[in-house]
Amino acid sequence: MVDDCNNGFLALDPEMRRLRDALETVAPTPLPVLILGETGTGKEVVAEWIAGMSRHTRDRFVKVNCASLSESLVESELFGHERGAFTGAVAPREGLFEAAHEGTLFLDEVGELSPRTQAKLLRTLEYGEIVRVGSTRPRRVDVRVIAATHRDLEQMVRDGDFRQDLYFRLNAVTLRIPPLRARITEILPLAELFAARLSRRLERPAPRLAPEATAALLAHTWPGNIRELRHVIERAVVMSKGGPILAAHLMLEAPRVHVEVAGIKGHVRLFERDRIVAALDQTRQNQTRAAELLGVSRRTLTNKLNAYGIARPRKKVALEEC
1 MVDDCNNGFL ALDPEMRRLR DALETVAPTP LPVLILGETG TGKEVVAEWI
51 AGMSRHTRDR FVKVNCASLS ESLVESELFG HERGAFTGAV APREGLFEAA
101 HEGTLFLDEV GELSPRTQAK LLRTLEYGEI VRVGSTRPRR VDVRVIAATH
151 RDLEQMVRDG DFRQDLYFRL NAVTLRIPPL RARITEILPL AELFAARLSR
201 RLERPAPRLA PEATAALLAH TWPGNIRELR HVIERAVVMS KGGPILAAHL
251 MLEAPRVHVE VAGIKGHVRL FERDRIVAAL DQTRQNQTRA AELLGVSRRT
301 LTNKLNAYGI ARPRKKVALE EC
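Numbering (UniProt numbering), first residue to last: 1 to 322.
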């Protein structure tokens, strides 16, 4: 079931299911999208998902981390430059907006842009054109912009660090990704996903999680979110040498791995219930297909439905026409 997710995007948690529904609504439109979330929550994955589902921009997906661009080069990178525009500009060069023409441009950490670059970005969004550095000739570009940041842009607007008009342009649609600690039911399936992916590359069976490793994963607060989880699991797969993943292989800080056994059992039951509900949703309530997706027998699934009080849809009865 975990491997059926889109680009690693799970929707087992209720908030993530609502986010997925919003993505499916927004993706086919040309509207700009602003993605908010802590570092490591998967903002780029969400942006790629939107671009992949878009009707008009499936062919090109260009991404840039604005925080990685120096102030002296950011305008050249985004808008391009002409020959002789500055020292070292020995030939004309198109920028990322031109490279993303008729596609999607993902501006990660958009809150790091300088006021000058913010102004040029606003003009591009308003008029659908760019002007290369060293030129006065506008060039038309048809680009859908998806921006993301871990910062509070509303507060930056109030502090005068981010243009209000640009903020309003970018947030035609705003999507918030909750941190991993707020969607605990996704920790274990994500861990399984990352372990299975690396195991395939290493040509070995995917390892199982020992009970103490499960407890450690659920107790950790994950300040680095999904990115941290992926690194922890990939390291553990290597350290386990083909055997089960133990708590020691995770190498998490001891104070963060203590948890009551009763609490773990409750989280595991909640996790299992959410997986069953998600499988039924994915198969349109077809219990036979859902059981196959979950890797269990039909009888086991029926027992789980009864144990967790999950309502089973009534069979539709065809009415004969009079």
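Ideal placement from N, C-alpha and C gives every residue a C-beta, glycine not left out.
Cβ shell of residue i (< 7 Å), same chain only, five flanking positions each side left out
i           : result
F79         : G95, F97, K120, I130, V131, R132, V133
M156        : G111, F162
residue 410 : Examination of residue 410 is not possible in this model, given that the chain is present from 1 through 322 alone.
L153        : G111, F162, Y167
Closest by C-alpha distance to residue i, when choosing among the options
i    : options               : result
L125 : G111, L105, S72       : L105
T214 : G224, W49, I184       : I184
F168 : I310, L34, T25        : L34
T136 : E82, T117, R227       : E82
G37  : R227, L301, Q118      : R227
T149 : G52, V237, A47        : A47
E212 : R235, A22, H231, L246 : L246
E102 : A85, G84, R144, P92   : R144
Neighbourhood of residue i by C-beta distance below 6 Å, restricted to the same chain and skipping five residues each side
i    : result
L113 : C66
P28  : R55
Exposed unless 16 or more other CB atoms sit within 10 angstroms - verdict on residue i
i    : result
S54  : buried
E240 : For the record, residue 240 in the displayed sequence is Ser; it is not Glu. Burial call: buried.
P207 : buried
V74  : buried
N306 : exposed
V141 : buried
S72  : exposed
F61  : buried
A100 : buried
M251 : exposed
L31  : exposed
S70  : exposed
H220 : buried
H249 : buried
R275 : buried
DSSP bridge partner residues for residue i (one or two, in chain order)
i    : result
P223 : In DSSP, P223 forms no bridge with anything.
A147 : L34, L107
H81  : R93, V133
I245 : L209
Chain-order list of residues whose beta-carbon lies under 8 Å from that of residue i (same chain, five-residue window excluded)
i    : result
T283 : R289, A290, L293
A191 : L209, L217, L229, I233
D165 : L122
V26  : V33, I50, V173, L175
Rounded Cβ spacing between residue i and residue j (contact assumed at less than 8 Å)
i    : j    : result
E44  : D108 : 6 Å
P189 : L12  : 6 Å
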